[in-house]
Structure formats: structure tokens, C-alpha cells
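First comes the structure, then the notes that go with it.
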Amino acid sequence: MKYNTIATIAALSTPSLVHAASGTLNVLTMNVAGLANTLQGGNVPGDKSSNSKRIGSYFAEYGYDVINIQSDFDYHNPIYETDNHNHRTDTMGNFGKGDGLNTLSKLPFIDFRRIRWDKCSNDEGRDCDTRKGFTFMRMRVSEGVYIDMYNLQTDAGMTGNDIDARASNLVQVSEYIKKWSIGNAVMVFGDTNSIYSRTSNSINIFQEQNGMKDAWYTLVRKEDGSSDTTCHNPSDTLLCELGDKVISRGSELLTLDATTFEYVGKKFLQPNGNVLSDRDPVQVGLTWCQSETLRQSDLFGAPHGKTWFNDAPAIASKGSRPKASTIGFSGGNRVDRVTVTLSDSSFFGYGGKGGKYREITLAGDEFWTKVDLCQGMRNGKTRIFYIKATTSKNQILEVGKGTDTCTTYIAPSGFQIVGFAGQYGDEIDQLGVIYGLQ
Numbered sequence: 001m002k003y004n005t006i007a008t009i010a011a012l013s014t015p016s017l018v019h020a021a022s023g024t025l026n027v028l029t030m031n032v033a034g035l036a037n038t039l040q041g042g043n044v045p046g047d048k049s050s051n052s053k054r055i056g057s058y059f060a061e062y063g064y065d066v067i068n069i070q071s072d073f074d075y076h077n078p079i080y081e082t083d084n085h086n087h088r089t090d091t092m093g094n095f096g097k098g099d100g101l102n103t104l105s106k107l108p109f110i111d112f113r114r115i116r117w118d119k120c121s122n123d124e125g126r127d128c129d130t131r132k133g134f135t136f137m138r139m140r141v142s143e144g145v146y147i148d149m150y151n152l153q154t155d156a157g158m159t160g161n162d163i164d165a166r167a168s169n170l171v172q173v174s175e176y177i178k179k180w181s182i183g184n185a186v187m188v189f190g191d192t193n194s195i196y197s198r199t200s201n202s203i204n205i206f207q208e209q210n211g212m213k214d215a216w217y218t219l220v221r222k223e224d225g226s227s228d229t230t231c232h233n234p235s236d237t238l239l240c241e242l243g244d245k246v247i248s249r250g251s252e253l254l255t256l257d258a259t260t261f262e263y264v265g266k267k268f269l270q271p272n273g274n275v276l277s278d279r280d281p282v283q284v285g286l287t288w289c290q291s292e293t294l295r296q297s298d299l300f301g302a303p304h305g306k307t308w309f310n311d312a313p314a315i316a317s318k319g320s321r322p323k324a325s326t327i328g329f330s331g332g333n334r335v336d337r338v339t340v341t342l343s344d345s346s347f348f349g350y351g352g353k354g355g356k357y358r359e360i361t362l363a364g365d366e367f368w369t370k371v372d373l374c375q376g377m378r379n380g381k382t383r384i385f386y387i388k389a390t391t392s393k394n395q396i397l398e399v400g401k402g403t404d405t406c407t408t409y410i411a412p413s414g415f416q417i418v419g420f421a422g423q424y425g426d427e428i429d430q431l432g433v434i435y436g437l438q
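Position 194, counted from 1, in the sequence shown is what UniProt numbering calls 194; the numbers after and before it change by one each time, with no gaps.
Set out below in C-alpha cells:
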């Protein structure tokens, strides 16, 4: 990942320069054919363990920022043995126990989850014989910059039951994005077993329901998926289509655009020229840039809440620059609820019904500029135990009890706190703040 900073004047009335972080991402999705030969069909020659070690060594050599792999079942350890990425998921286990999905990354991530498919079919293949599904993680690209990354492997096969199961799989991911990625940039990687020219597939669901773009469909075919050109392995043309996809969208906080697309099977070969997998790996390059007018802090706490919230879309839709007029918190031993009312009467509030409520009212020329947070353990789960808001005129509002694990978020120069992002249930489990221009 390359990282740089650009400085622009967001508007003539902005009180100071607004610095927008930007950079690039180089990502890979690869089905690593990690099944035993008795299950794989023997269509990849050579020793499986040696092949897997070579795959891991190529991962290290080529230095991709994020790698999502599928069918990583029985030969997981050899891949990790020769790879050198700092952040990697722990495997679920061999075929029959695991989902075959893992991530190797230069970037740290939080909120990692594995979700099993609601529907599967064994008509062609053994999709119901292991815990196939998708994974979710929130990748931290830079301070306050997150991309929600999904890795999946859908039901294979072409019978009616297989097609129905695969469509259900894609709907399940799409609905999960709607619930857990509100306001966030998103990337979906993996083996969709779907192509645009196959009318029985519903791969366009991510464009229609989640506002996302497929890198191949957009960059290579210019949104024309009508021709089903056969793909060889390794592929000698980009015009053919594989079910292995990288699909992405930006957000109100972050632009995220795919700029390059490649099939890179020729970079993943055995010394004798044979392939290492029965699927051609897909490499995509992307650029990202923070919004010049809307930012987010890091997230603090843990992903134990029942609901994800992010006020960035609502704030971005406003034609003016509202400011906080009233800040309200509820709490006792921990933080139960957080609220803010803006000068245009917009209200954002999250959390449960417990705790004692306190609030402060801000003057017309007063801004919310700082928040202190502390976290602790409650019934084996991390919760937000303490919050303190400080304004530009040094008004203070605080609830809860401090701990030894705390952090402070200060609005960047020219910005103010105008909303929240995080997770809640009966209390606040995870919290960050949204910054808007003053």
C-alpha cells in the first residue's frame, strides 16, 4: 500500500487547510485448491503440500496489501509457513470443519467474523459437507479510514438446487452489507461461481442493492458482460470472465476506485510450468482518498453490539454545515447511551435505556471538538465505560467510570464532532465519532 497526504482548501469559508489522506491498494483473490486430491479431482498436478508452500512464498514475494483465499482447507499450514504478511486469520480447520476462507494482510483489521450460508446444495459437489459461507472484517487502512472486506465462496454446481443456493448466498451477503456496512466503503472478494453472461446468476445484486462495482465488469468489459469467452488457466486474455471477483464501493467518508485488473495465473506456476491451482488468481489495484469535508475517528471498544450505526450518510446529505447544539449522555458504571442534536434539529442517538441522563447546550459559536473514551470488561465482553465531551469553550459533559484503557479523539483543524459510528445493544459496545467542517 502506498500512502500520501494531499492538502486542499475544501471551501472558501473553511477556517484552515483540510488534509485528506490518500493512497493505493493492491489486492488478490485466489482459490488455492486446498482440498485433498480425493476431493479435488487431481486436476492440479504435483505434491499438494509443496504446491501450497510455493503459493505462500509467492504471496510473500509479490507483496500484496490484502489477499483473500478460498478452498484453504487441508493445506493451510504450508501456505502460512512461507508467507510473511503480518495480519492473518486463524483457520477454522480442514474440510468438514472449516469454511476454507482466510485473509493475509499488511493492514490490521478488527471485528472479524465467520458467517455460514443459510442455504446450500449437494447436488453437484459437497457444498453442505463443510461450513462454507463468508467472512467479514473491518480493515484499517489509515487513522479513521476503514474498508469493510468480505471474503466468500458460494455454492457450486449448475442444477436447479445449486443455482437457488448460490442466489441465496449472494442475497445473504448483500443483506449483511446493508446491516453491518452502513456508511462504510466495502470490498467483496472471492469465488462467486457466477458470471454476468449466465442469466441464471444474480451477481449484479451487489451493483443493484449495494451500489458496488465489479472491477472486471467495469474496467475490462466496460459494463458489457454478454460474451462468455472461455477462460484458460492461466488465462491469455482479460476478456474472458471468471467467477472469481473483486467488487467494491466507496462511501461518504472515502472514495474507493478500482483502477487495474489482471489475471495473474502466470505468476503462480510450479517450476515445471504447471499451475498451482485450478483457478486463475485475480489481482486488482485500487486508489482511495478521504473526503475533504467529512471524516471519522478510529473505533474504540469491541464488536459485541447487536446494531452497527454510522451517521456519515445522514450528515453528508445535508446542504448546510450543522453543528452540535445539544450533547446528551446516559450512564452509571458504564456508558448506556450517546446522543447529539444538531443546529438544524437533526437528532442522532444510540444505546439502551439505562443510566442517568445528562446534557449540555452549546452556544451558537461553540463547537464539540474533543471526546475521551475508556473501555473495560463486562460479563466477558468489552464495553465503553466512560465518555467525556469537551467543547471549544471548555464545556464538559461526562458519564460512566474511567478505566486504565482509554483514548482521546480530537477534531482535526477546521472540523467539529457532529455524529457517531459504532455498535450498541443495551449499552455502547464500540464508538467512534464523525467529524464535519465547522
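Don't be surprised by glycine CBs; every beta carbon is placed ideally from N, CA and C.
| query | result |
| --- | --- |
| Going along the chain, which unbroken runs of the alpha helix (DSSP H) with 4 or more residues stay wholly within the UniProt domain "Jacalin-type lectin" (294 to 437)? | 312 to 316 |
| Note down the Cα distance separating valine 264 from tyrosine 64, rounded to an integer number of angstroms. | 12 Å |
| Quick one, which of Glu241, Tyr75, Pro303, Gly160 has its alpha-carbon nearest threonine 218's? | Glu241 |
| At which residues does the alpha helix (DSSP H) containing leucine 170 begin and terminate? | 160 to 180 |
| Just to confirm before moving on: does the CB-CB distance between serine 71 and asparagine 31 stay below 8 Å? | yes |
| How far does the alpha helix (DSSP H) with arginine 116 in it extend, from its first residue to its last? | That residue, arginine 116, is in no alpha helix (DSSP H); its beta strand (DSSP E) goes 109 to 116. |
| For serine 49, which residues from the same chain have a beta carbon less than 7 Å from its beta carbon, with the 5 sequence-adjacent residues on both sides left out? | Tyr75, Pro78 |
| Excluding the 5 residues flanking isoleucine 315 on each side, which residues of the same chain have their C-beta closer than 7 Å to its C-beta? | Leu294, Val418, Gly419, Ile434, Gly436 |
| Quick one: Cα of glycine 305 to Cα of asparagine 233, how far? | 44 Å |
| What does DSSP give as the partner residue(s) for serine 50 in the beta ladder? | None, per the DSSP bridge assignment. |
| Measure the Cβ-Cβ separation of serine 297 and tyrosine 424 and say whether it is below 8 Å. | no |
| Using only the alpha-carbon positions, how far apart do asparagine 394 and threonine 24 sit? | 39 Å |
| Lysine 356: buried (16+ other C-beta within 10 angstroms of its C-beta) or exposed? | exposed |
| Using 8 Å as the Cβ pair cut-off and three pairs as the minimum, do the segment 117 to 125 and the segment 79 to 88 touch? | no |
| Report the rounded CA-to-CA distance for glycine 332 versus phenylalanine 261, giving the unit in angstroms. | 52 Å |
| Identify the residues that DSSP records as bridge partners of arginine 88: which are they? | Leu104 |
| Tell me the rounded alpha-carbon separation between aspartate 164 and tyrosine 150. | 21 Å |
| Since isoleucine 67 is in the beta strand (DSSP E), which residue starts that stretch and which ends it? | 66 to 70 |
| Residues in the same chain with beta-carbon distance under 6 Å from asparagine 210, minus the five sequence neighbours each way, listed in chain order, please. | Ser174, Ile177 |
| Can you find the residues in the same chain that come closer than 6 Å, C-beta to C-beta, to serine 142, ignoring five residues on each side of it along the sequence? | Ala21 |
| Starting from asparagine 151 and walking both ways along the beta strand (DSSP E), at which residues does that stretch end? | 145 to 153 |
| Looking at C-alpha atoms only, which residue of Arg249, Gly225, Gly376, Thr369 is the closest neighbour of glycine 243? | Gly225 |
| So, at 6 Å on beta carbons, what are the nonlocal neighbours of serine 392 in its own chain, with the 5 sequence-adjacent residues on each side left out? | Glu366, Phe367, Thr369 |
| Helix, strand or coil, according to DSSP, for residue 440 in the structure here? | No answer is possible for residue 440: it lies beyond the span of the chain, which begins at 1 and ends at 438. |
| Give the C-beta separation of glycine 422 and phenylalanine 347 to the nearest angstrom, bearing in mind that I take them to be a contact with Cβ-Cβ under 8 Å. | Actually they do not touch by this definition, with Cβ atoms about 17 Å apart. |
| Residue range of the beta strand (DSSP E) that isoleucine 195 falls in? | Where isoleucine 195 is concerned, there is no enclosing beta strand (DSSP E), given that its DSSP letter is neither H nor E. |
| Closest to serine 325 by CA distance: which of Thr287, Asp336, Asp344 is it? | Asp344 |
| Buried or exposed, going by whether 16 or more other CB atoms sit within 10 Å of the CB of glycine 160? | exposed |
| For serine 57, which three-state DSSP category applies? | helix |
| Helix or strand or just coil, what does DSSP make of valine 32? | coil |
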